[in-house]
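Data block below; observations after.
Chains as they are written, first to last, in the numbering used here: chain A, 25 to 312; chain B, 1005 to 1129.
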């Protein structure tokens, strides 16, 4: 019973962190930017009308609100009916499915952001283009300690897999686990490389801001890679020696940490960003 | 070191790139042995075609201003500074000018020279 209560509590924290706290922090960040940079003075920052921007914010808020309500429905349903498995389905499946659902508004936001940046590039009237004559590499964006930590965690993970190959439990995938982790690593590394070498999404973004954004993303991805390793290892150990209830709680805690790391990289200190690049040329001249 | 190109400038983009990189070498912003961005990185940053950057790099390599070292990437040539002053296009123009003057002195018309030049260029390789 206490296991169930801890699980519900952890699930409520998951709902609150991903569908309430971060969305409202992101929306207030957007509002702070709009307040700090009014469209009249910073026209380059707004390639679409303000009505569209407010509509997108509303859609994002409503989407999160709906997901939050559904989350509470899952908890209440489980608590009231007292069923062993959430929604009468397998609990881990519900937790994972709900986590994915919680990321849907974020995907919507990302999709809108891509469209927004495209409009920004189309509106860019500048005929002069700048580039740095230095080669970018991963070590410019991330401390080497993260690479070493990642190598170490992989080394330990190989050990865990080998251990369970000699002491297998029901459903253990053997070397397939190494292949899955390798493919996941490949995905994350390609994402980082894509962000480092791809075209500038925001044509006006200051060099130092671009560096900070990429650096945050790279760090976030390295932490995520390590978290995946820790979580998969934990799942194996728990499956072999622990209880399923702890596995469910561990899964929720893992999703919360994952969300905090990935969503935190979206939050920036508005005062640290160089918004002058978005000013219209006239007000830029007046400012200097 | 930042390079700037004007996409609506009169000069071709690859020529602007060559001039900017040579300028960076001449004024010491980049030094012999320094790594240069990959073709894709530079093309993406400038939002221009990869082939434009590749062409500029190829010509700079021909002039020994830069050197490609396979998978390790492209670097500034150890003798880049001296080689920056060698302008092969200007030398080619000068040579052609002398030849054209000689041909015209011999009474050959402009169109005959153009046809002969085009024929020779088309029949190469």
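Even for Gly, the Cβ is constructed at its ideal location relative to N, Cα and C.
Just measuring C-alpha positions, the residue of A/184, A/33 and A/286 sitting nearest residue 134 of chain A is A/286. With respect to chain A, the C-beta atom of residue 1028 of chain B has a partner C-beta closer than 9 Å. Taking 9 Å as the cut-off, the beta carbon of residue 181 of chain A is found closer than this to the beta carbon of residue 253 of chain A. Beta bridge pairing from DSSP links residue 1006 of chain B with A/156.
For the 9 Å CB-CB criterion, residue 143 of chain A and residue 71 of chain A form a contact. For residue 1060 of chain B, no beta strand (DSSP E) segment is defined; the enclosing uninterrupted segment is the alpha helix (DSSP H) at 1054–1066. Checking the DSSP bridge columns, you'll see residue 1072 of chain B partnered with B/1078.
In this model, residue 1032 of chain B and residue 1078 of chain B are separated by some 18 Å (Cα to Cα). Secondary structure within the stretch 148–235 of chain A: the alpha helix (DSSP H) runs of 4 or more consecutive residues, fully enclosed, are 162–165, 168–190 and 200–221 (chain order).
Residue 1026 of chain B sits buried, since 16 or more C-beta atoms from the chains shown fall within 10 Å of its C-beta.
Note on geometry: alpha-carbon atoms of residue 1019 of chain B and residue 66 of chain A lie some 34 Å from one another.
Uninterrupted beta strand (DSSP E) stretches at least 3 residues long and entirely within the stretch 52–122 of chain A do not occur. Look at residue 1042 of chain B: its C-beta is under 9 Å from a C-beta on chain A. The shortest CA-to-CA distance from residue 1022 of chain B to any of B/1096, B/1088, B/1116 and B/1121 is the one to B/1088. Under the rule that a run must span 3 or more residues, no beta strand (DSSP E) segment is found entirely inside the stretch 258–289 of chain A. For residue 47 of chain A, DSSP assigns no beta-bridge partner whatsoever. By the Cβ criterion, the stretch 158–170 of chain A is in contact with the stretch 213–223 of chain A, since at least three pairs of Cβ atoms, one from each stretch, lie closer than 8 Å.
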